[in-house]
Ligand SMILES: NC(=O)c1ccc[n+]([C@@H]2O[C@H](COP(=O)([O-])OP(=O)(O)OC[C@H]3O[C@@H](n4cnc5c(N)ncnc54)[C@H](O)[C@@H]3O)[C@@H](O)[C@H]2O)c1
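Numbering (the working numbering), first residue to last: 1364 to 1694.
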């Protein structure tokens, strides 16, 4: 029996390859073989997927009608990410293609990084780092690089799912007041254990010293942070975004920072990755990270293994543990 054919748009990590290589005939796209490309081109993807039974992809690849049309044998598309705005799930349902993602294994690493950004922007770490590297630090002074305090302040979390709650948990060590807004209120025992208070979004904007975003990218979360919401925030507030770039209107954020509407922002994700809104680049009160919130070796390996295991499940009669549309496997 020939093994099912898998296309992986990334070489992944050893433990994921072990699962795949044992069970499948796998083609890995590797940028080391394509010196001028960071990711597989769309044309290359559409051509390589043609005979494949499964796809392992990254958030940079769109799984939509165009791709599904090009892949008549495809049974599963596994994105190595928890966010799945790159996958048209209804289109997958129509084609009876299982779509899977990687929830849970990146929560703590991503929450840690939201905190990394929060602390870096509040305490002006990169401005100080730039001085040290340039040899321009004039020596200690009383009013030098004074930032905002973190401990004892109010943290507002928008989107209180797995990662949002991880961020709240870490706030306890800083004796912060935690507010959250979400489309649904969590169970009272969860609120109690995280010392978090459910509020409406406007209340959260008005009261928070730090606002951290943890919603998925959906039509109703696109530009959730816009000129209007920024105007509701404190002039001393900091915005942290580790969710998805289009959740923030970057032009509006830039204008708000220019006008002093808020104190600063720290971003891991961008509206048009890998580009950053030009105005933000020159701002000292902005920390810019290259979409690395889940980027620890352990976590990225776990994500790749999870994607491989979901693919394996489809071909071994198991229910894929992280299917977004498990119903396509019924009847
Ligand atoms: N920067 C990164 O590298 C990175 C890493 C991991 C996750 N992410 C992003 O973070 C997102 C959240 O991940 P998660 O695992 O915590 O997801 P989750 O599904 O556990 O939590 C998302 C929360 O957002 C809430 N929500 C959805 N729509 C909303 C709305 N309109 N208003 C308010 N709340 C709303 C949901 O009810 C849920 O509680 C992912 O979808 C992904 O896009 C980014």
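C-beta atoms are modelled at their ideal positions from N, C-alpha and C, and glycine is treated no differently. Here the structure is a predicted model, which is why all the values come from computation and not from measurement.
Assumed close pair residue i, residue j - CB separation to whole angstroms, cut-off 8 Å
i, j, result
"residue 1573", "residue 1481", "6 Å"
"residue 1422", "residue 1444", "4 Å"
"residue 1577", "residue 1649", "With a Cβ gap of about 20 Å, residue 1577 and residue 1649 do not count as contacting."
"residue 1447", "residue 1687", "6 Å"
"residue 1412", "residue 1433", "6 Å"
"residue 1549", "residue 1523", "6 Å"
"residue 1391", "residue 1365", "Contact flag wrong, Cβ pair sits at about 18 Å."
"residue 1668", "residue 1406", "Not quite, the Cβ-Cβ distance comes to about 30 Å (not below 8 Å), so this is no contact."
"residue 1461", "residue 1691", "6 Å"
"residue 1654", "residue 1639", "Contact flag wrong, Cβ pair sits at about 11 Å."
"residue 1489", "residue 1415", "43 Å between Cβ atoms; not a contact."
"residue 1478", "residue 1533", "5 Å"
"residue 1383", "residue 1671", "5 Å"
Burial state of residue i (16 or more Cβ within 10 Å)
i, result
"residue 1528", "buried"
"residue 1463", "buried"
"residue 1397", "exposed"
"residue 1627", "buried"
"residue 1509", "exposed"
"residue 1381", "exposed"
"residue 1609", "buried"
"residue 1617", "buried"
"residue 1699", "The displayed coordinates of the chain run from 1364 to 1694. Any statement about residue 1699 would go beyond what the structure contains."
"residue 1637", "exposed"
"residue 1465", "buried"
"residue 1487", "buried"
"residue 1683", "buried"
"residue 1399", "exposed"
"residue 1505", "exposed"
"residue 1503", "exposed"
"residue 1647", "exposed"
"residue 1553", "exposed"
"residue 1565", "exposed"
"residue 1594", "exposed"
"residue 1427", "exposed"
"residue 1514", "exposed"
"residue 1641", "exposed"
"residue 1404", "exposed"
"residue 1622", "exposed"
"residue 1410", "exposed"
"residue 1673", "buried"
"residue 1656", "buried"
"residue 1492", "exposed"
"residue 1635", "exposed"
"residue 1599", "exposed"
"residue 1430", "buried"
"residue 1612", "buried"
"residue 1424", "buried"
"residue 1331", "This structure cannot settle anything about residue 1331, because the visible part of the chain is limited to 1364 through 1694."
"residue 1607", "buried"
"residue 1547", "exposed"
"residue 1408", "buried"
Residues bridged to residue i (per DSSP)
i, result
"residue 1390", "1370"
"residue 1561", "1543"
"residue 1432", "According to DSSP, residue 1432 bridges with nothing at all."
"residue 1604", "1576 and 1630"
"residue 1677", "DSSP output for residue 1677 lists no bridge partner at all."
"residue 1417", "1369 and 1439"
"residue 1403", "In DSSP, residue 1403 forms no bridge with anything."
"residue 1635", "1638"
"residue 1462", "1440"
"residue 1686", "1463"
"residue 1521", "1544 and 1576"
"residue 1651", "1630"
"residue 1530", "Its beta-bridge partners do not exist; DSSP assigns none."
"residue 1450", "1426"
"residue 1588", "1611"
Inset, instruction - Would you be able to state if there are at least three C-beta pairs under 8 Å between the stretch 1466 to 1473 and the stretch 1649 to 1667? - result: yes
Inset, instruction - Inspect the CB distances between the stretch 1534 to 1549 and the stretch 1508 to 1523 and report whether three or more fall short of 8 Å. - result: yes
Inset, instruction - Count the CB pairs spanning the stretch 1429 to 1443 and the stretch 1495 to 1506 that are closer than 8 Å, and state whether there are at least three. - result: no
Legend entry - Meets three-Cβ-pair contact criterion under 8 Å: the stretch 1593 to 1612 and the stretch 1624 to 1642: yes
Inset, instruction - For the stretch 1675 to 1682 and the stretch 1445 to 1456, state whether three or more C-beta atom pairs, one from each stretch, are separated by less than 8 Å. - result: no
Legend entry - Contact between the stretch 1587 to 1597 and the stretch 1544 to 1563 (3+ Cβ pairs under 8 Å): no
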